[in-house]
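Q: Per our numbering, the very first residue in the sequence shown carries number 15; after that it's consecutive. The beta carbon of each residue, even a glycine, is placed where N, CA and C say it ideally should be. My structure is below; once you've seen it, I'll send some questions.
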Amino acid sequence: MAYFTALPTEIILAIVEPLSHSDIKSLSCMDRRLRNVITHILFRTLSIAMPLVSHLMLDHMLKKYEPVISKIHLHVYLRPNLEEDDNNTEMPCIGGTTKSDLLLQLVNGKTFSHIDSFNIHFDPCQFDIAGRWYGNDGDWGGGHGSGSITVFEDEEDEHECFEREKEHVWRAQYMQVLAEIMRNPNIRKLRIENLLPRRTSVFDTWVWPEFLGQITHLDLGIFGAECSGWSGNTMPGFTQFMDDFLPKDIMKHLVNLKHLRLEASKLSVFGEGMYGGEPFSTPDRIPTVESLELKNIVLGFTFFRFLEERGDSLRQLTLHNCMCLAIIEPQSPDNWPSTEHEEVQWSDIWACVVLRCPAMRTVTFLQDELPPLPPSIEDYIEEDMDLAVWRHVVIDPEWGTIEENEDANAEELLLDQACKVYDNMMEVLAERREKDKSSPHAEATETK
Numbered sequence: 015m016a017y018f019t020a021l022p023t024e025i026i027l028a029i030v031e032p033l034s035h036s037d038i039k040s041l042s043c044m045d046r047r048l049r050n051v052i053t054h055i056l057f058r059t060l061s062i063a064m065p066l067v068s069h070l071m072l073d074h075m076l077k078k079y080e081p082v083i084s085k086i087h088l089h090v091y092l093r094p095n096l097e098e099d100d101n102n103t104e105m106p107c108i109g110g111t112t113k114s115d116l117l118l119q120l121v122n123g124k125t126f127s128h129i130d131s132f133n134i135h136f137d138p139c140q141f142d143i144a145g146r147w148y149g150n151d152g153d154w155g156g157g158h159g160s161g162s163i164t165v166f167e168d169e170e171d172e173h174e175c176f177e178r179e180k181e182h183v184w185r186a187q188y189m190q191v192l193a194e195i196m197r198n199p200n201i202r203k204l205r206i207e208n209l210l211p212r213r214t215s216v217f218d219t220w221v222w223p224e225f226l227g228q229i230t231h232l233d234l235g236i237f238g239a240e241c242s243g244w245s246g247n248t249m250p251g252f253t254q255f256m257d258d259f260l261p262k263d264i265m266k267h268l269v270n271l272k273h274l275r276l277e278a279s280k281l282s283v284f285g286e287g288m289y290g291g292e293p294f295s296t297p298d299r300i301p302t303v304e305s306l307e308l309k310n311i312v313l314g315f316t317f318f319r320f321l322e323e324r325g326d327s328l329r330q331l332t333l334h335n336c337m338c339l340a341i342i343e344p345q346s347p348d349n350w351p352s353t354e355h356e357e358v359q360w361s362d363i364w365a366c367v368v369l370r371c372p373a374m375r376t377v378t379f380l381q382d383e384l385p386p387l388p389p390s391i392e393d394y395i396e397e398d399m400d401l402a403v404w405r406h407v408v409i410d411p412e413w414g415t416i417e418e419n420e421d422a423n424a425e426e427l428l429l430d431q432a433c434k435v436y437d438n439m440m441e442v443l444a445e446r447r448e449k450d451k452s453s454p455h456a457e458a459t460e461t462k
């Protein structure tokens, strides 16, 4: 240990950086110098539960670690109406305690103005707890997704949204969180996990577009649910949010965005398809984006068109557990999918990167598990583990659920078309990166 603690600070930091949080904590307990060196790594993210139970611990943490804290993580718990709310003329504050101004000032940027990175995590299980989520109009909850899917069951207009924020505590708290965060002029990197697919009156303020206009990095995960076999993407409120509010009230205002990560819940997949909800229906949005990461999203024609429109600026693309629609023949004229246009396939996407995206330099394709194949083809895969299996699905026309299509996966595998185009794309991207290294501009940048 004596030799280890004698190492230069830079080497200690290099050793610590790839370690897990628990390993860093263990290492910090060994020696005072080590603890002082790695404190800014160990405590750079401050996690806070909202509503706040007590302001005392938060006050202590802020005073002690203010120099090293660089990111705030808010874990937000919304709640139903309680009996004591019946006699209250004001909605409970999402801050929590009577001295919650400290937390709200932290969120809206009045304190810790050096922090430009915020994470907001809405608890995904809270709505399945039975309670007066309808306010005085009734209960919901009790498990099995019945409460969660009710969050976005019905469509609502601006007036209905405003009225529910006055009557339902969870809707008021949801609005309060976004209202406080949008007042923070320092935030440039924003991550929201389980964003509720519901509009809020915050969208109608002049501050909201200004706030989104300052964001350069946005990581957005959309809350989803299923109940009794019904996928959340069949709910009118969900599709209204995805098709209307997400493009017009969020995407429209991201005028300075450089990096976008968009994730769908496995319980409510969106993208191309009957119940999908299409986030790329307006390709003129996010004009400055350079890096795009998608997870659990059905890729189709509008995504293909988005690649074409952003080909001159998009440099990095990551597709994680994404899928294309399988081409199937409809059983009747009323059966989905329609044949208005031919479904975009994996080979089309890779070819588009080569032909229409001259700025692209890096493409990352990730799958947590191998897409399913017929048993007769699985032996074929075991003989050549380097083969890629491209995921194809069908969206159930009634339930909205994702159905894996083994036959389409096998057909694409045997044709080998997507693999050939993908390999060619990777060669082209490698050539582009090599060309960048040898360009005079790159040499000048390195010299500076």
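With three or more beta-carbon pairs closer than 8 Å as the criterion, would you say the stretch 226–238 touches the stretch 183–195?
A: Too few Cβ pairs lie closer than 8 Å, so no.
Q: For F255, which residues of its own chain have a beta-carbon under 6 Å away from its beta-carbon, when the five flanking residues on both sides are left out?
A: Answer for F255: P211, listed in chain order.
Q: Where DSSP assigns a beta bridge to L313, which residues make up the other side?
A: Answer is C338.
Q: T123: which of F225, G314, P32 sits nearest, CA to CA?
A: Correcting the residue type first, residue 123 is Gly in the shown sequence and not Thr. Closest by alpha carbon: F225.
Q: Output needed for K266: all residues of its chain with C-beta closer than 7 Å, excluding positions within five of it in sequence on either side, in chain order.
A: Within the same chain, K266 has close Cβ partners R299.
Q: Could you check if T353 is buried or exposed, using at least 16 other CB atoms within 10 Å of its CB as the buried criterion?
A: At T353 the pLDDT is 43, less than 50, meaning the model places this residue with poor confidence; the figure from the coordinates comes in the next sentence. Exposed, because fewer than 16 other Cβ atoms sit within 10 Å of the Cβ of T353.
Q: Is the CB-CB distance between G251 and D171 below 8 Å?
A: It is not a contact, given that the beta carbons lie outside the stated cut-off.
Q: Which first and last residues belong to the beta strand (DSSP E) in which N208 is found?
A: It spans 203–209 - the beta strand (DSSP E) in which N208 sits, taken as one unbroken run.
Q: List in chain order: all unbroken beta strand (DSSP E) runs of 3+ residues lying wholly within the stretch 67–116.
A: List check, beta strand (DSSP E) in window: 85–90.
Q: At the level of alpha carbons, what is the spacing between H74 and T103?
A: Approximately 33 Å, taken between the alpha carbons.
Q: L116 and L72 - do their beta-carbons sit closer together than 8 Å?
A: For L72 and L116, yes; Cβs fall inside 8 Å.
Q: Below 8 Å, can you find three or more Cβ-Cβ pairs linking the stretch 363–378 to the stretch 406–420?
A: No: the two stretches stay apart, fewer than three of their Cβ pairs being nearer than 8 Å.
Q: May I ask which residues mark the beginning and end of the alpha helix (DSSP H) holding S361?
A: Start and end: 360–370.
Q: Measure the C-alpha to C-alpha separation of T125 and Q119 and round it to an integer number of angstroms.
A: The alpha-carbon atoms of T125 and Q119 are separated by roughly 6 Å.
Q: So what's F126 in DSSP terms, helix, strand or just coil?
A: If DSSP states are grouped into helix, strand and coil, F126 belongs with coil.
Q: Along the chain, where does the beta strand (DSSP E) containing I409 start, and where does it finish?
A: I409 -> beta strand (DSSP E) spans 406–409.
Q: When you compare each of D100, V121, D382 to L204 by their alpha carbons, which one comes out closest?
A: Of the candidates D100, V121, D382, the one whose C-alpha sits nearest the C-alpha of L204 is V121.
Q: Apart from the five residues on each side of it in sequence, which residues of its chain come closer than 7 Å, Cβ to Cβ, to V183?
A: Closer than 7 Å at Cβ, skipping near neighbours: R93, P94, N95, D99, M105, P106.
Q: Would a C-beta distance cut-off of 8 Å place L384 and V403 closer than the cut-off?
A: In this structure, V403 lies closer than 8 Å to L384 by Cβ.
Q: According to the neighbour-count rule (16 or more other Cβ atoms, all chains shown, within 10 Å of its Cβ), is L339 buried or exposed?
A: Label assigned to L339: buried.
Q: How far does the beta strand (DSSP E) with G235 in it reach, from first residue to last?
A: Looking at the DSSP string, the run of the beta strand (DSSP E) that includes G235 is 231–236.
Q: Can you say whether G246 is buried or exposed, counting buried as having 16 or more other CB atoms within 10 angstroms of its CB?
A: Its Cβ being crowded by 16 or more others within 10 Å, G246 is buried.
Q: From the DSSP output, read off the bridge partner residues of E240.
A: DSSP, once it has assigned bridges, lists S245 as partnering E240.
Q: Say yes only if the C-beta of D362 is nearer than 7 Å to one or more non-hydrogen atoms of the ligand MG, and no if none qualify.
A: The ligand content of the structure shown is nil, which means the ligand MG is not present either.
Q: Just the C-alpha distance for P65 and Y188, rounded to the nearest angstrom, thanks.
A: Approximately 11 Å between the Cα atoms of the pair.
Q: Can you give the beta carbon distance from N133 to K78, rounded, assuming they're within the 8 Å contact cut?
A: Rounded, the Cβ-Cβ distance is 21 Å, inconsistent with contact.
Q: Going by DSSP, which residues form a beta bridge with H135?
A: Beta-bridge pairing links H135 to H89, E207.
Q: Just to confirm the assignment, what range does the alpha helix (DSSP H) spanning M64 have?
A: That residue, M64, is in no alpha helix (DSSP H); its beta strand (DSSP E) goes 59–64.
Q: Keeping to the same chain, check which residues put their C-beta closer than 6 Å to that of E292; ignore five residues upstream and five downstream.
A: Same-chain partners within the cutoff: T316.
Q: Excluding the 5 residues preceding and the 5 following T248 in the sequence, name in chain order all residues of the same chain whose CB lies nearer than 6 Å to its CB.
A: So the qualifying residues of the chain are Y289, G414.
Q: Just to confirm, are W360 and A424 a CB contact at a threshold of 8 Å?
A: No, these two residues do not count as a Cβ contact at 8 Å.
Q: On the DSSP letters alone, give me the boundaries of the alpha helix (DSSP H) that I195 sits inside.
A: Segment 183–195, the alpha helix (DSSP H) holding I195.
Q: Could you tell me which of R146, V216, K272, W147 sits nearest to R202, measuring between CA atoms?
A: Measuring from the Cα of R202, the nearest candidate turns out to be K272.
Q: In the structure shown, what three-state DSSP assignment does P347 receive?
A: The predicted model places P347 with a pLDDT of 48, which falls under 50 and marks its position as unreliable; any figure quoted below should be read in that light. Coil, per DSSP.
Q: So what's L268 in DSSP terms, helix, strand or just coil?
A: Of the three classes helix, strand and coil, the one that applies to L268 here is coil, per DSSP.
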